[in-house]
Structure formats: C-alpha cells, structure tokens
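Colleague:
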Amino acid sequence: MKKSDSTGLVVAVLCILCIVLPGCDRNTICVDNLIKSGWTPQQATFEGNRLFAVAMADSMVGWAVGADGVILYSDDTGNEWQYQNSGVIADLRSVAAFDADTAWAVGLKGTVLRTTTGGEIWLPCFIGVPDHNFRGVAYLDARNIWVVGDTGTIITTTDGGRNWRTVRESPDYNLAGIAFADESHGCAVGSNGRMLCTSDGGSSWHTVESGTRQNLLSICFDGLTGWAVGSGGAIIRTLDGGMTWDRYDSPVSEELVDVVISDRSGSWAVGKNRTILAASDDEPVWQVQPSPTTRDLYGLDVTGGTGWIVGAFTLLRTADNDGWTDNSSGTFPLATLDAVTFTDDFNGCAVGYGGCILRTADGGLSWSYQSFQKNSWFYDVHFINKDTGWAVGSIGHFPYDGIIIGTCNGGRNWQIKAYVENVTFRALVFVDSTDGWAVGKADHDTHRGVVYHTDDAGHSWHLQDSTLTGLTAIDFAGYLSGWAVGHNGLVVCSKDTGVHWSSQGLDTGRVIDPDLTLRAVSFIDENNGWIAGDRGTIYTTHDGGITWSEQSSEISSDLSDLVFIDERIGWAIGTGGLVINTNDAGATWAKQGSETTRNLSGIAFINANQGWIVGENGTILRTGCGGNWTRP
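What follows is the structure, encoded as structure tokens:
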C-alpha cells in the first residue's frame with residue numbers, strides 16, 4: 013500500500029473491455045511459450061450507466077441524467093462529458109436546462125435538484141413528498157418551473173426552486189412529461205392517454221381528449237405546434253397549443269420515450285429497441301432512421317443543428333442530419349489512476365486525478381465512472397467489503413486541503429467524512445469495519461507528516477501524530493502493529509494502534525538517503541514485510557522491522573507500489589510500464605511484460621492469479637494468471 017507523486021494527462025475512458033486470455037484463468041499457470049504476457053491492457057470506452065434524459069442549454073452547454081443519480085455535463089457541444097456530483101442515489105428521469113448556469117433535474121423518491129453554478133453544485137429542493145416519483149420537468153422562465161410525476165402530481169415553484177407547492181394530484185393516473193408552448197399554454201401527459209392542459213400559465217389544469225389510450229411518455233412544443241409519444245408507438249399532434257389532438261401513423265410498435273422539435277431539422281422521437289424516428293416540418297410523416305446501437309433509447313435533444321440521444325449505456329450524436337453516430341467511446345475524460353482495490357473476484361474500485369472514481373462489479377469487464385469533484389485528486393482507496401469503502405486525497409488549489417470520503421453502497425455515492433486544511437492525504441488502511449488510518453503531509457512547504465485515525469468506521473478522524481516527515485504509504489498487520497513510509501527514506505512503526513510511532517532504520521539504523529522517497533509498504537503478518545521506492549529500492553524485514561535488509565531488484569526505475577499475497581509471492585510496479593514479480597520472498601525479481609510504457613501507480617491482487625494495475629493516462633491492466641509464469 014502506497015501512494016506516488018504521479019501526474020497524468022486527461023484521456024477519454026469509461027468501460028473496461030476485458031480480453032479473455034485463451035487457456036488462462038485463476039486456476040491456470042501461464043506458460044511462456046504459449047502466452048507472452050499475462051498482463052493485458054484494457055481499452056476504455058463508455059460503459060457508464062443508463063441515461064434517461066438530455067438537455068442542452070445552448071449549442072455548447074448541456075446535461076444528461078440517469079440511473080443512480082448520475083449527472084453528466086458538457087461545455088463543448090458534447091465532445092467531452094464530465095460527471096458532476098448529484099449527491100443522490102435515486103434514478104434521475106428528466107432534466108431541463110435554462111441557460112449555461114441554471115438547470116433542474118428530477119427523479120425517483122421525491123428527488124428534485126437545481127443548479128445555478130453550471131452544475132458545480134447541485135442542491136436538493138425539499139418538496140415534502142419523498143414517496144413520490146417525479147418523471148418530467150419544464151420551465152416558463154428561470155423562476156417558474158413545473159414538475160410532474162406519479163399519482164398525477166403537478167408541483168410548481170415561482171422563486172427558482174426554493175419553495176414549491178402542489179397544484180394537482182390524483183391517485184388514478186401517473187404523469188410522465190410536461191411542456192409549455194408559451195407563457196400561457198402547456199400540457200402534461202401520462203398513463204392511459206391522460207392529457208392535462210392549461211391556457212392560463214398553470215393556474216388551472218383541465219383534462220383534454222388525447223385520442224389515444226396508450227401511455228403517453230413525452231411531449232414537446234414549438235410555438236403552438238406540439239407532439240406527444242408513448243407506448244405502442246403512439247404519436248399524436250396539436251396545432252393549437254394542446255387544446256385538440258390528432259393521431260398520426262407510426263411506423264413502429266415499440267414504446268416511444270422522448271420527442272423533440274428542432275428548428276432546423278424537423279421532429280425526432282426515440283424509444284425502446286434502438287428506435288429512432290424522424291419527420292420533416294413540411295410533411296409530418298414519421299420514418300424510421302438508421303440506429304448505430306442495439307440498445308434502448310430514452311432521451312433526446314436537438315439544438316442548433318446538433319442532436320444527442322441517450323439510452324442504456326449509450327450516447328449517440330448527429331450534426332445537421334448527417335446520420336447518428338455512436339459517441340459512447342471517447343467522450344469521457346479520465347486522467348491518471350493512482351490506486352485500485354478489490355474485495356473479491358468481482359468487486360473493485362480505482363481512483364485518481366480529477367476526482368475520478370471507477371467501480372466494477374464484474375471483475376473489471378466493465379467499469380462505471382464518476383467524478384467526485386474536478387478539483388480533487390484521490391491517491392488511495394480501501395474497501396473492507398463490496399459495499400463499504402473509503403478514499404483519501406486532496407481538494408482545491410495549492411495549498412491543498414485534505415479530504416476523506418466514504419461509501420456504503422459499493423461506490424455509487426460518496427460522502428465527505430473529513431476535511432482538513434493544508435493537508436494532503438496520500439494513503440489509508442482499515443483493519444476491520446471500524447478502525448482505520450490515513451497518512452499524508454501537512455505544511456506543504458515543510459512536508460510535515462501526519463497520521464489520522466478513526467475508530468467509528470470513518471465518521472470521525474483524529475490526529476495521532478504530526479512530528480514525522482511526509483508519509484506516502486501505510487499498512488497494518490492486525491489491530492496493533494502498523495508501518496508507514498515516506499520522504500527522506502523514512503520508515504516508522506507503531507505497536508499501539510498508531511498512538512505512538514518510532515523510526516526504524518534501514519541497514520545502518522538511520523535514514524539512509526535524504527533524497528529517497530519510499531512509496532509502498534506491504535506486510536503479510538506482524539513479522540514479514542516489504543517496502544519499495546525510488547530507484548528500484550526494495551527492503552524486507554522478517555522480524556517486524558527490527559532489522560531490514562535490501563533486496564536486489566536489478567532495476568533503476570522508481571517503484572510506486574508493491575503487494576505480497578503470502579510470504580513468497582509479490583509484485584512491484586513503477587515508471588515506464590514496469591512490472592516485476594518474485595516467487596521467493598524477494599530474493600530474486602523478474603520483469604513481466606505489461607504492454608505499456610506509461611507510469612504505473614497502483615496494484616491489487618486477490619490471489620496468486622487475479623490482479624489489476626492502474627496508472628497514467630487512464631491505464632488499466634488485468635491478469636488472470638499472475639502475469640508471466642513458467643511451468644514448474
């Protein structure tokens with residue numbers, strides 16, 4: 013366990029497509045003449061989450077929302093998307109963007125969010141109906157917003173979302189969409205063809221015959237002309253702001269989920285089973301359009317000639333009717349990854365620059381991505397089971413402040429557990445569900461080391477020591493005995509749960525090199541441990557650190573992390589794609605092919621075969637056979 017001082021460039025990434033090595037799994041030894049390298053680079057594409065809605069404020073800025081509270085943001089016409097922290101885990105079903113700063117998102121479990129900062133901060137609106145599921149949102153202006161949902165609920169605010177009131181509610185039907193033609197005319201649509209319309213700006217709503225009994229799921233207006241779509245391929249149209257509606261022929265029977273009118277390219281609708289429909293303004297005949305995906309589509313927006321469609325793990329894009337293309341790959345920036353952890357064969361998490369948090373529940377076959385905050389950097393992550401984990405790092409601009417965050421739902425949502433000014437946390441470790449330690453440096457000019465401890469599952473953290481040199485890594489063997497390493501070749505040990513720390517010398521009983529930074533430490537029990545750092549430095553102890561002996565790695569590259577799974581087998585990683593392995597407790601180390609030259613920062617193994625490495629520029633490597641192995 014460690015942390016390194018790596019830096020990285022932003023790259024597009026989200027899903028890990030794992031290549032299965034023939035004849036190589038957790039129970040197989042890889043033979044050199046059959047498989048050159050057991051480490052396989054994992055190429056990254058978008059495999060994030062189900063996205064239910066998208067809305068552009070203008071030709072540049074927009075948001076997409078989806079399952080588990082996900083919010084994506086783009087300020088470059090969707091060339092790149094950043095995750096924003098919604099603070100909720102409920103599915104978000106609709107989003108409305110007023111301008112580049114102001115937007116609203118609504119979803120299940122009474123969720124209504126608003127931002128006036130371009131999404132840097134999303135604030136919850138307290139509606140008072142937490143059991144309601146909201147499915148549609150629309151605005152008249154920046155102060156007058158309308159939300160609809162289950163049990164025929166219509167709620168509104170006249171002060172930009174600070175205060176809300178319920179206008180209408182009925183247990184007989186659900187509402188799924190709402191739109192306004194102008195400041196007076198608007199309609200809400202829902203189950204069994206339900207249509208509620210207003211001609212007085214929402215002061216009163218009355219039932220209008222829609223001409224269908226299919227569930228209506230979406231509605232849009234361009235002036236007094238409007239479309240509504242729904243289940244069974246239902247399509248209806250109005251020319252008078254919603255007072256009367258006519259049915260139109262549909263070329264599909266699939267459920268249509270969203271519809272928009274574009275000022276440049278006619279009308280569009282999307283739905284289940286990859287359905288995309290289009291109709292021109294001059295001749296409103298709906299026709300099926302080619303779709304580059306096989307997945308369900310849920311949301312759509314067309315602004316300034318550019319269109320976006322979102323769906324199940326899907327982002328599609330078109331420009332000036334030039335056909336829809338799959339932009340799921342290469343639209344999500346992810347920078348250097350600094351740490352990775354796995355609790356079993358399936359559940360893992362990786363963290364890094366830009367507040368990046370990746371999680372997987374299928375052993376790395378796919379990863380979902382979120383950014384806690386763009387101005388944060390997480391250096392280490394630790395999970396005690398598939399649901400409960402913590403990450404540490406820094407936030408803000410120099411001089412940085414330290415941050416510790418925690419999750420109790422497998423990394424879908426994170427909360428700040430500690431915020432410490434003028435500190436950078438570099439590493440953490442937990443010995444059980446309650447006791448954990450975080451280390452780093454304070455007073456950035458002096459690199460003073462700090463140790464923080466929690467005994468209540470990370471809810472509160474207390475400073476234990478601040479007399480050390482800056483610390484980069486920590487590990488505990490049991491509840492009492494812990495070791496930490498850091499700058500100036502520092503090795504310290506505690507035998508009393510971290511209350512007191514004392515230096516342990518390497519070879520000569522003193523700090524061996526003021527220019528050496530040790531970046532990793534791994535103990536398998538209270539006696540046997542290893543440390544690693546700059547210039548290929550590796551030391552081991554077999555008496556709990558009373559004595560340390562140097563091992564020959566036969567390399568000069570800086571080492572950033574190492575891990576041992578028992579008293580014999582271990583790995584170390586470092587700059588330039590370096591991966592080395594030992595099968596004899598470090599007496600000898602051998603290089604393994606990594607198929608990358610990027611700097612590597614974090615490594616995790618759950619047994620002698622199954623391992624993962626992360627590093628610079630979103631690099632993720634995976635092995636199912638422990639890397640290079642020779643037949644006994």
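Note that the numbering used here has the sequence shown beginning at 13, numbered continuously upward. Glycine included, each C-beta is placed from N, C-alpha and C at the ideal position.
Could you name the residues that DSSP lists as bridge partners for E562?
Modeller: By 1-based counting over the sequence shown, the position of residue 562 is 550. According to DSSP, E562 bridges with Y551.
Colleague: Could you check the C-alpha separation between R438 and F535 for me, to the nearest Å?
Modeller: By one-based count along the sequence shown, residue 438 stands at place 426. By one-based count along the sequence shown, residue 535 stands at place 523. Near 18 Å, if we compare the C-alpha coordinates of F535 and R438.
Colleague: How many angstroms separate the CA atom of G541 from the CA atom of W560?
Modeller: To locate residue 541, count along the sequence shown from 1; it is residue 529. To locate residue 560, count along the sequence shown from 1; it is residue 548. Near 9 Å, if we compare the C-alpha coordinates of W560 and G541.
Colleague: Verify the CB distance criterion: does T509 have a CB-CB separation below 8 Å to chain D?
Modeller: This model lacks chain D altogether; it includes just one protein chain.
Colleague: Please go through the same chain and pick out, in chain order, the residues whose beta-carbon is closer than 6 Å to the beta-carbon of E267, but skip the five residues on each side of it.
Modeller: Along the sequence shown, read from residue 1 onward, the residue named residue 267 stands at position 255. Cβ within range, chain order: S243, G283 and K284.
Colleague: Of the residues G639, R307 and N227, which one's Cα is nearest the Cα of F64?
Modeller: The residue you call residue 64 lines up with position 52 of the sequence shown. If we check each option's Cα against that of F64, R307 comes out closest.
Colleague: With a Cβ-Cβ cutoff of 8 Å, do R531 and A485 count as a contact?
Modeller: Taking the sequence shown and counting its residues from 1, the one referred to as residue 531 is at position 519. Taking the sequence shown and counting its residues from 1, the one referred to as residue 485 is at position 473. Contact: yes.
Colleague: State the DSSP-derived secondary structure class of S106, mapped to helix, strand or coil.
Modeller: As a working note, residue 106 is residue 94 in the sequence shown. Residue state, collapsed to three classes: strand.
Colleague: So, W4 versus V271, is the Cβ gap smaller than 8 Å?
Modeller: For the chain, the structure presents residues 13 to 644; residue 4 sits outside this window and is missing.
Colleague: On a Cα-Cα basis, can you pick out the residue from H465, G470 and A469 that is closest to S478?
Modeller: Residue mapping note: residue 478 aligns to position 466 of the sequence shown, counting from 1. S478 has its Cα closest to that of H465, out of H465, G470 and A469.
Colleague: Assign S106 to buried or exposed, taking buried as 16 or more other Cβ atoms, counted over all protein chains shown, within 10 Å of its Cβ.
Modeller: Here residue 106 corresponds to residue number 94 of the sequence shown, with the count starting at 1. With 16 or more Cβ atoms within 10 Å of its Cβ, S106 is classed as buried.
Colleague: Helix or strand or just coil, what does DSSP make of G244?
Modeller: In the sequence shown, residue 244 corresponds to position 232, counting from 1. Here G244 sits in helix by DSSP.
Colleague: Under 8 Å Cβ to Cβ from T608, same chain only, skipping five residues before and after it: list those, please.
Modeller: To locate residue 608, count along the sequence shown from 1; it is residue 596. Counting only Cβ-Cβ distances below 8 Å, and skipping sequence neighbours, we find P53, G589, G627, T631 and L633.
Colleague: Going by DSSP, which residues form a beta bridge with Y85?
Modeller: In the sequence shown, the residue the question calls residue 85 occupies position 73. DSSP lists W75 and Q94 as partners of Y85.
Colleague: Nearest to I273 by alpha carbon, out of F233, V300 and L251?
Modeller: Residue numbering aside, residue 273 sits at position 261 when the sequence shown is read from its first letter. Of the listed residues, the one whose Cα sits closest to I273 is F233.
Colleague: Could you compute how far the alpha carbon of Y431 sits from the alpha carbon of W134?
Modeller: On the sequence shown, position 419 is the one that residue 431 refers to. On the sequence shown, position 122 is the one that residue 134 refers to. Distance between the alpha carbons of Y431 and W134 is about 20 Å.
Colleague: Suppose you measure from the CA of A102 to the CA of W495; what does that come to, to the nearest Å?
Modeller: Residue 102 sits at position 90 when you count from the first residue of the sequence shown. Residue 495 sits at position 483 when you count from the first residue of the sequence shown. If you take the alpha carbons of A102 and W495, they lie about 40 Å apart.
Colleague: Give the secondary structure of N145 by DSSP, where H, G and I count as helix, E and B as strand, and everything else as coil.
Modeller: To locate residue 145, count along the sequence shown from 1; it is residue 133. N145: coil per DSSP, three-state reduction.
Colleague: What's the gap between the Cα of D70 and the Cα of H471?
Modeller: Here residue 70 refers to the residue found at position 58 of the sequence shown. Here residue 471 refers to the residue found at position 459 of the sequence shown. One C-alpha to the other measures close to 42 Å.
Colleague: Report the option in I585, T89 and G74 whose CA atom is closest to the CA atom of A331.
Modeller: For the purposes of this step, residue 331 is taken as the residue at position 319 of the sequence shown. Comparing Cα-Cα distances from A331 to each of I585, T89 and G74, the minimum goes to T89.
Colleague: So, helix, strand or coil for N593, using DSSP?
Modeller: Taking the sequence shown and counting its residues from 1, the one referred to as residue 593 is at position 581. Strand at N593.
Colleague: Do G364 and T372 have their C-beta atoms within less than 8 Å of each other?
Modeller: If you number the sequence shown from 1, residue 364 lands on position 352. If you number the sequence shown from 1, residue 372 lands on position 360. For G364 and T372, no; Cβs fall outside 8 Å.
Colleague: Do the stretch 374 to 383 and the stretch 397 to 410 make contact, defined as three or more Cβ pairs closer than 8 Å?
Modeller: In short, these stretches do not touch, since the Cβ pair count stays below three.
Colleague: Does I428 pass the burial test, meaning 16 or more other C-beta atoms within 10 Å, or should it be called exposed?
Modeller: Counting from 1 along the sequence shown, the entry for residue 428 is found at position 416. I428 should be labelled exposed.
Colleague: Within the continuous beta strand (DSSP E) that includes Y260, where are the two ends?
Modeller: As a working mapping, residue 260 is identified with position 248 in the sequence shown. Where Y260 is concerned, there is no enclosing beta strand (DSSP E), given that its DSSP letter is neither H nor E.
Colleague: Does DSSP put S606 in a helix, in a strand, or in coil?
Modeller: Residue mapping note: residue 606 aligns to position 594 of the sequence shown, counting from 1. It is coil, neither helix nor strand.
Colleague: What first and last residue would you give for the beta strand (DSSP E) that runs through G418?
Modeller: Position 406 of the sequence shown holds residue 418. G418 -> beta strand (DSSP E) spans D413 to T419.
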